[in-house]
Every structure is written in C-alpha cells, then in structure tokens.
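To start, the structure itself, in structure tokens.
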Amino acid sequence: MIKQIDLYMHTMQMKNIEKDIKQYISTESVSKNNNTIRHFIWEVIPTDTPLFKRKCSKCKNSNLYYCSDKFRLNSQKKSIDVWLIYKCIKCDNTCNITILSRTRPELIDKELYQKFMMNDEETAWKYAFDTETAKRNNLESDHSNIEYNIVHENTTFEDIVKMEEDIVVFEIRSNFNLDLKLTSLIRQCFGTSSNQLGKMLEGGILTIRPLGSAKKAKVKDGIRVTVNRNKLYTYLKKE
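The C-terminal position of the sequence shown is numbered 1258 in the numbering used here, with every residue numbered one higher than the one before it.
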C-alpha cells in the first residue's frame, strides 16, 4: 500500500530526515544531445521493516517475527559474531539473525562497527531489507505490513505538457531494497491507470532506465522514469 505525503510537511513528519526541499526538484534545465531536460526526485520511504516467517518456539501462537532494530555482538578470542535481533510479534521471544560470523574485528569497517555498537536504526533497516541476508539465514520475508511514503512534487501529465523542456526525468531514491512494484509507484505518482500506463510504455512516451521493462520490476534506488514531452502531448491530444 502506498501513501502520499506533502513535500513541504516531509521534514516534520519523517523522523531522522532533515533535507532541503531544493534537492527534490531541479529548477534549471540541462541540455543534452540538443534536448533540454528537467529533473525530479521521487523518494520512497518505508514506514516499517519486513516481518519474517518462523514458528515461535515459546508461545506457539505466532509464526511472525519483527525487527527490534538492535544488534547483538559476541567476541570470542580473535573473532566476533554480529546478529540482528528479531522478536515474536505475540510474546517478544527473541531470535538472532546472523550478520557476521567469526569475523576478525580489524576486518570490520570502523564506522560500521560503531553503528553495530550503537544500534544504529538505519543500519538495522538495511539488513532487515537485504535479500542476501535473508537468503543466508533461510528466511522468508513478509512485506504485507509495510506502507510507503512517497516524497515528490505532485506533477501530472498535464503539468509536463506545459513545461518547456523536451525530456522530463523522475529519478527514484530509496535507501532500501523494497518489495514494491515499479508500476504501482509510477501509477501512484502520476495518478494514472494501469491501462494508460501500459499504452505509454508501449508507445515510448515513458521509458525506464536502466531496466528497460517495468512490468515485473521492483522499485530500486537510481531507476529513472523518463517522459518524452512531445510524444506525451501527441498522445493526450488523441485521447
């Protein structure tokens, strides 16, 4: 489920996020290959971390665990283990997920080590969303509890047609690996239907880079949704 929030309220509503509004929209056009380009940012922020499925050994009434945002470190002679602590959603029974195993302390980045020690929330979330960490621990993630805030300018197709630039680019920013369909994000930000979006993708009005195809793609940091303003104008004129 995706939930929009007003850009100007973002710094008040999102904890630990203090960013200047100027980064979300480029007020100057850039010229490339004789085309003028305008650049926007879509920042996707999850409201929570994924749960993972495992039968609780204590209460027997739950098969879901949530991330506690806390790490556990254990040193043994010249090696160290690092775990991310999860808790049963019913009884808070704990379960440790392996992050590092029998690793020499000097091989761990000093800044990362401090984040483990300080229970840095952003670091915990990155591991909670990391698909490789889930695979190493044989975890099945459950993203059904997560909603997403999208920080962006409410730019419609009609707004784009009125712009002076030839190409309008919307770049996705996300700090985490999200189980969110790219087409869902695009439809939400533009306020368009699946049918209309499909026609625009097929007609080259919208292009996805670097993926190429958007049908099965998930939202990832750095993906760019590019709109050809002239093609969009022709398409809307026929509608």
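Each residue gets a CB set at the ideal place from its N, CA and C atoms; glycine is no exception.
Would residue i and residue j be called neighbours here (beta carbons separated by less than 8 Å)?
| i | j | result |
| --- | --- | --- |
| Ser1203 | Lys1239 | no |
| Cys1086 | Cys1107 | no |
| Lys1250 | Gly1222 | yes |
| Ile1205 | Val1170 | no |
| Cys1110 | Arg1073 | no |
| Cys1208 | Trp1102 | no |
| Gly1210 | Thr1253 | no |
| Phe1071 | Asp1149 | no |
| Tyr1132 | Tyr1105 | no |
Sort the options by Cα distance to residue i and report the nearest one.
| i | options | result |
| --- | --- | --- |
| Thr1055 | Gly1231, Glu1183, Lys1257 | Glu1183 |
| Thr1117 | Thr1152, Glu1130, Lys1097, Lys1072 | Thr1152 |
| Gln1215 | Glu1125, Phe1148, Glu1172, Lys1257 | Lys1257 |
| Asn1196 | Lys1145, Asp1088, Leu1083 | Lys1145 |
| Lys1234 | Leu1158, Phe1148, Phe1090, Lys1200 | Lys1200 |
| Ile1179 | Leu1230, Ser1094, Leu1083, Leu1255 | Leu1255 |
| Arg1155 | Asp1067, Ser1120, Glu1141 | Ser1120 |
| Ile1191 | Asp1198, Ile1242, Phe1148, Ala1236 | Ile1242 |
List the residues that DSSP assigns as beta-bridge partners of residue i.
| i | result |
| --- | --- |
| Trp1144 | The partner list for Trp1144 (beta bridge, DSSP) is empty, contrary to what the question assumes. |
| Glu1062 | Val1170, Arg1192 |
| Leu1216 | Paired residues: none, contrary to the question. |
| Gly1231 | Ile1227 |
| Phe1090 | Leu1103 |
| Asn1247 | Ile1186 |
| Asn1115 | Ile1104 |
| Lys1239 | DSSP lists no partner for Lys1239. |
| Tyr1252 | DSSP output for Tyr1252 lists no bridge partner at all. |
| Phe1071 | Tyr1084, Ser1160 |
| Ser1098 | Gln1095 |
Thinking residue i and residue j are a contact (beta carbons under 8 Å), I'd like their distance in whole angstroms, please.
| i | j | result |
| --- | --- | --- |
| Ile1099 | Asn1168 | Ile1099 to Asn1168, Cβ: 36 Å. No contact. |
| Val1188 | Arg1248 | Incorrect: roughly 11 Å between the Cβ atoms, too far for contact. |
| Thr1142 | Lys1134 | 4 Å |
| Lys1089 | Asn1138 | 5 Å |
Buried or exposed for residue i, going by 16 or more other Cβ atoms inside 10 Å?
| i | result |
| --- | --- |
| Ile1040 | Caution is warranted here: a pLDDT of 35 is assigned to Ile1040, below 50, making its placement in the model unreliable, and no coordinate value can be reported. |
| Pro1069 | buried |
| Met1219 | buried |
| Arg1123 | exposed |
| Leu1225 | buried |
| Arg1057 | buried |
| Leu1158 | buried |
| Cys1066 | A small fix is needed here, since residue 1066 is Thr in this sequence, not Cys. Looking at its Cβ environment, which holds fewer than 16 other Cβ atoms inside 10 Å, Thr1066 is exposed. |
| Arg1228 | exposed |
| Glu1177 | exposed |
Compare the C-beta of residue i against all C-beta atoms of chain D and say whether one is closer than 8 Å.
| i | result |
| --- | --- |
| Ala1143 | The structure shown contains no chain D; it is built from a single protein chain. |
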